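Some notes on the structure that comes next.
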Amino acid sequence: MTAQPAPQDGRDGTPGGPPARRGPSRLLKRTLSKAWEGNIFSEAAEAAFWQVLSLPPLLLGLLGSLGFVAEWFGPDVVLAVQADLIDISRKAFSENVVTQIIAPTVSDILTVGRGEIVSVGFLISLWAGSSAMSSFVDAITVAHGQYGVRHEVWQRIFALLLYMASLVLLIIGLPVLALGPDLLPNLFPESWQPTINAWIGTAYYPVIGILIVLALTTLYKLALPRKLPWHRGVPGAIMAMAVFVLSSIGLRLYIGWITTTGYTYGALATPIAFLLFAFFIGLAVVIGAYFNAAIEEVWPSKLTKRQRRRWRRLEMEKAAGKNRQRDTGGTAARAPGEHPTADLPTESTRSWDRDRSQG
-12 MTAQPAPQDG
-2 RDGTPGGPPA
8 RRGPSRLLKR
18 TLSKAWEGNI
28 FSEAAEAAFW
38 QVLSLPPLLL
48 GLLGSLGFVA
58 EWFGPDVVLA
68 VQADLIDISR
78 KAFSENVVTQ
88 IIAPTVSDIL
98 TVGRGEIVSV
108 GFLISLWAGS
118 SAMSSFVDAI
128 TVAHGQYGVR
138 HEVWQRIFAL
148 LLYMASLVLL
158 IIGLPVLALG
168 PDLLPNLFPE
178 SWQPTINAWI
188 GTAYYPVIGI
198 LIVLALTTLY
208 KLALPRKLPW
218 HRGVPGAIMA
228 MAVFVLSSIG
238 LRLYIGWITT
248 TGYTYGALAT
258 PIAFLLFAFF
268 IGLAVVIGAY
278 FNAAIEEVWP
288 SKLTKRQRRR
298 WRRLEMEKAA
308 GKNRQRDTGG
318 TAARAPGEHP
328 TADLPTESTR
338 SWDRDRSQG
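For the sequence shown, our numbering gives the first residue as -12, with consecutive numbering after it.
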């Protein structure tokens, strides 16, 4: 009597059960479930802690390094970037956070920090500044169930390299964003310049938002040891952007309301507000990673060419091993239900299951 394979149900894991729904409700449920199981609030709090500690080293590396590229863009590039950073910060943070924390920190670094760019202290600041990036990389790998795949020491070094690459891109990109709106209209005829200025004023912040989404998408891809296609990170990046914008608006409204009630935290009010903003940044990035992981679970991505080549190589190696064991009188039977892709990433195993059930 030939054993019949158990009916495949898609995702719910119950043999013979009805196919699992793959709509938005299931996606939302899986996202919240995975985030709760992964202790998302602790991960966001850890990220917030390291963001606060990493802010002065980040600004030291960024603004200090801009002094070396000032001759490319002009002597006023550092001051323009400073004004742009503070202006953008006012869009994201409350006014007291900007005036009491961000603006003084930027001013101090511009006053005394530029000479420290070639010092040992700057090298130490690189390591300290990469701590926030390391916490994000850890949280993203946990969300996808890949924490521990990359060696812990290499993962920390990888976060440092990722941070340094981001720093280089910011050093090049921020002067363009700061000076571009003023220089771009000069490239057009004088009669067009008022229209170009109006377009730039309208599109400036949406363009910055798009660039942030693209940067988050790249982070979601690079952070994983077993990488997914780049476009798979876009939904999580959009989710992260939406979560932060909504939470920032809500927090600003809450701070504005609580100050009108007369209740105050005194001298701790500004640091607490800054910590809350940092917490919501961490929460947004982490929940975006869990959203991507839930999408990958509900709608697995297809095998890449590299994974297919590795799948075929493993099949050939296993077949050769079976032949060798048969020649030596050993047994090489595969355990019931074992995947031929057991050593491949989880996404590959799920795709093999799906193809086998459809075939």
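Positions of the beta carbon are idealized from the N, C-alpha and C atoms, including for glycine.
Since this is a predicted model, take the numbers as computed values, not measurements.
When DSSP states are grouped into helix, strand and coil, R239 belongs to the helix group. Counting only residues of its own chain and dropping the five nearest sequence neighbours on each side, V221 has a CB closer than 6 Å to the CB of T204. Counting along the chain, E283 sits inside the alpha helix (DSSP H) bounded by residues A256 to V285.
Taking every protein chain shown into account, the CB of S81 has 16 or more other CB atoms within 10 angstroms, so this residue is buried. Taking L209 as the centre and dropping the five residues before and after it, the same chain places the C-beta of L149 closer than 7 Å to its C-beta, in chain order.
It is roughly 12 Å from the alpha-carbon of V194 to the alpha-carbon of A202.
S12 counts as exposed, since fewer than 16 other beta carbons sit within 10 angstroms of its beta carbon. Following the DSSP letters along the chain, one finds V200 inside the alpha helix (DSSP H) bounded by residues Q180 to L209. In this model, G243 and I89 are separated by some 19 Å (Cα to Cα). Around the Cβ of S20, a 10 Å sphere holds fewer than 16 other Cβ atoms; the residue is exposed. Closest in alpha carbon position to F264, among A35, Y191, W23 and I27, is A35. Residue burial is scored here from C-beta neighbours: D314 has fewer than 16 other C-beta atoms within 10 angstroms and is therefore classed as exposed. Rounded to whole angstroms, the separation of the alpha carbons of I111 and L49 is 14 Å. Bounds of any alpha helix (DSSP H) do not take in E177, whose DSSP letter is neither H nor E. In this chain, the alpha helix (DSSP H) harbouring W141 covers E139 to L170.
By the neighbour-count definition (other C-beta atoms within 10 Å, threshold 16), V163 is an exposed residue. Per DSSP, reduced to three states, the secondary structure at N26 is coil, with no helix or strand assignment.
Taking a contact to require three or more Cβ pairs closer than 8 Å, the segment 133 to 143 and the segment 216 to 234 do not qualify as touching. Comparing C-alpha distances from R143 to each of G132, S121, A271 and V155 shows the shortest one belongs to S121. M303 sits exposed, since fewer than 16 C-beta atoms from the chains shown fall within 10 Å of its C-beta. Here T257 is near Q87, since their CB atoms are less than 8 Å apart.
At the C-beta level, A165 and A67 come within 8 Å of one another.
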